[in-house]
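Heads up: the sequence shown at position 104 corresponds to 104 in our numbering, and the numbers run straight through without jumps. Worksheet: the structure to be examined is printed underneath.
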Amino acid sequence: MPADLQLTWELGGHGWADCTVSDRDAETVITASNITTAPEDLLTATARLARGATESRAQFNAEPTIARWIFYWEGSDIWIRILELPGDVHDNRGTEIWSSQQPLITVVRAVVRCFDSVAARYGESAYRGKWGEHFPRQELEVLRRQLP
Numbered sequence: 001m002p003a004d005l006q007l008t009w010e011l012g013g014h015g016w017a018d019c020t021v022s023d024r025d026a027e028t029v030i031t032a033s034n035i036t037t038a039p040e041d042l043l044t045a046t047a048r049l050a051r052g053a054t055e056s057r058a059q060f061n062a063e064p065t066i067a068r069w070i071f072y073w074e075g076s077d078i079w080i081r082i083l084e085l086p087g088d089v090h091d092n093r094g095t096e097i098w099s100s101q102q103p104l105i106t107v108v109r110a111v112v113r114c115f116d117s118v119a120a121r122y123g124e125s126a127y128r129g130k131w132g133e134h135f136p137r138q139e140l141e142v143l144r145r146q147l148p
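Written as structure tokens, this is what we have:
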């Protein structure tokens, strides 16, 4: 049986990556460009939640579309919504492409596992060569410290 939440980060051409997000019910693939700090934003948004923020956001630019991750508490779980937008516009102009409600620990573990897998698969030097930016080691370690 698949995990409740899975993320993968697959480097494509120089400066491009596909992030697959899935749970038991649905899956989506989000493209990200290195024109923004997408991996760092996702790690930081997750760390903010783990430190008690009631809402947090991350954004992946795919030139010209944007995938906006919106995380907020719903009861004892985190509600994750991913919107596709035609540019950097208000949320109400977006289309929801994926959503899920998960325990915080599940979200934190899935994001940490994702980037641990990236580091193991590519190595930090090859990651920089393909992505065009440094591996987000500092942000990953901050998030890892949030695990019980």
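Think of the CB as a built atom: it goes at the ideal place given N, C-alpha and C, for glycine as much as any other residue.
- Task: Would you give the residue range spanned by the beta strand (DSSP E) that T37 belongs to?
- Result: Looking at the DSSP string, T37 is not in any beta strand (DSSP E), and its letter there is neither H nor E.
- Message: Can you tell me where the alpha helix (DSSP H) holding A17 begins and where it ends?
- Response: That residue, A17, is in no alpha helix (DSSP H); its beta strand (DSSP E) goes W16 to D23.
- Message: Going by DSSP in three states, F135 sits in which element: helix, strand or coil?
- Response: coil
- Message: Using DSSP's beta-bridge definition, name the partner residues of S100.
- Response: I80
- Rounded C-alpha distance that separates L7 from P103: 15 Å
- Residue of L143, R93, L85 and A126 minimising C-alpha distance to V112: L143
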